[in-house]
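J.:
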């Protein structure tokens, strides 16, 4: 698998990324699915394709942070798609394949948890990030807390994507419920009510992230102006 991935990575001319939206232009998902037939690689859906290509059409992405990199397949795909982008990776585990694979993709790797404020503070020196992708634990309380923490302190400059949300609006503890609370806050701007409701969504291991930014004026400003769109099971937040 790794040899096949390496061969594909080395055989694609990076100049292909400069062709724009011509008819046969390979999308990010073409790179994410080179071994689709064998179902042994990072698989992304047509929704992911449409979502990311739309982001790339409307925003210039010069820096990207991936939270949760697994085998590093998407890291390679992004490097091919954005050859000049500064890339950063964060994962609670060391790269499962080999740390040198991420080095080949020229992505700076940080080992740690996305719900550990000390780890998130480590990557602050590389911020702000034009695009942040949360594809880590997929636990709603983790996704919510990490999102709230990273939209502060100039960590995010343009777009934040939460991938593969596995809940619906009827789930009172799910990520979609958080999005609903955010919409209500933007209507009534009652920050105390909003933060208290968010407290109820977080678990003991994530509550400290909200506590650290609760009185941050930037949190108030960013939450009031951020725009939200849903693409299948993915949420896109745009500043």
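In our numbering, the protein residues as written are 495 to 733. Built from N, CA and C at the ideal position, the CB exists for glycine as well. Given the structure is predicted, the values throughout are model-derived calculations rather than measurements.
Using a 10 Å radius around the Cβ and a threshold of 16 neighbouring Cβ atoms, would you call residue 649 buried or exposed?
T.: Counting from 1 along the chain shown, the entry for residue 649 is found at position 155. The residue is buried, with at least 16 neighbouring Cβ atoms inside 10 Å.
J.: Does the distance from the CB of residue 680 to the CB of residue 635 come in under 9 Å?
T.: Within the chain shown, numbered from 1, the residue matching residue 680 stands at position 186. Within the chain shown, numbered from 1, the residue matching residue 635 stands at position 141. Cβ distance not < 9 Å, so residue 680 and residue 635 don't count as in contact.
J.: Return the first residue and the last residue of the alpha helix (DSSP H) that residue 704 is part of.
T.: Counted from its first residue, the chain shown places residue 704 at position 210. Note, residue 704: alpha helix (DSSP H), 701-707.
J.: Name the DSSP bridge partner or partners of residue 723?
T.: The count along the chain shown starts at 1 and reaches residue 723 at position 229. According to DSSP, residue 723 bridges with 730.
J.: Quick check: what's the CA-CA separation for residue 710 versus residue 730?
T.: The residue given as residue 710 occupies position 216 in the chain shown. The residue given as residue 730 occupies position 236 in the chain shown. The straight-line gap from Cα to Cα measures roughly 23 Å.
J.: Where residue 610 and residue 552 are concerned, what is the direct C-alpha to C-alpha distance, given to the nearest angstrom?
T.: The residue labelled residue 610 in the question sits at position 116 within the chain shown. The residue labelled residue 552 in the question sits at position 58 within the chain shown. Taking the straight line from one Cα to the other gives about 32 Å.
J.: Rounded to whole angstroms, what's the CA-CA distance from residue 687 to residue 625? Just pull it up for me.
T.: Counted from its first residue, the chain shown places residue 687 at position 193. Counted from its first residue, the chain shown places residue 625 at position 131. Approximately 29 Å, taken between the alpha carbons.
J.: Considering Cα atoms alone, identify which of 598, 576 and 632 is closest to residue 668.
T.: For the purposes of this step, residue 668 is identified with residue 174 of the chain shown, where counting begins at 1. Nearest of 598, 576 and 632 to residue 668, Cα basis: 632.
J.: Using 10 angstroms around the beta-carbon of residue 585, count the other beta-carbons present and answer buried if the total reaches 16, otherwise exposed.
T.: Here residue 585 corresponds to residue number 91 of the chain shown, with the count starting at 1. Residue 585 is buried by the Cβ-count criterion.
J.: Could you tell me if residue 728 is buried or exposed, where buried requires 16 or more neighbouring beta carbons within 10 angstroms of its beta carbon?
T.: Indexing the chain shown from 1 puts residue 728 at position 234. The residue in question, residue 728, is buried, as its Cβ has 16 or more Cβ neighbours within 10 Å.
J.: Since I believe residue 613 is in contact with residue 619 (beta carbons under 8 Å), could you give me their beta-carbon distance rounded to a whole number of angstroms?
T.: One-based indexing of the chain shown puts residue 619 at position 125. One-based indexing of the chain shown puts residue 613 at position 119. Not confirmed; about 13 Å, so no contact.
J.: Can you check the segment 617-703 for any alpha helix (DSSP H) of at least 4 residues that lies completely inside it and give the ranges in chain order?
T.: 634-644, 669-682 and 685-695
J.: Out of 646, 685 and 653, which has the shortest C-alpha to C-alpha gap to residue 703?
T.: Walking along the chain shown from the start, residue 703 turns up at place 209. Among 646, 685 and 653, the Cα nearest to that of residue 703 belongs to 646.
J.: Within the continuous alpha helix (DSSP H) that includes residue 545, where are the two ends?
T.: Within the chain shown, residue 545 is the residue found at index 51, counting from 1. Looking at the DSSP string, the run of the alpha helix (DSSP H) that includes residue 545 is 540-552.
J.: Rounded to whole angstroms, what's the CA-CA distance from residue 558 to residue 689? Just pull it up for me.
T.: By one-based count along the chain shown, residue 558 stands at place 64. By one-based count along the chain shown, residue 689 stands at place 195. In a straight line, the C-alpha of residue 558 is about 28 Å away from that of residue 689.
J.: In the DSSP assignment, the alpha helix (DSSP H) including residue 607 goes from what residue to what residue?
T.: The residue you call residue 607 lines up with position 113 of the chain shown. Unbroken run through residue 607: none, as it is neither H nor E.
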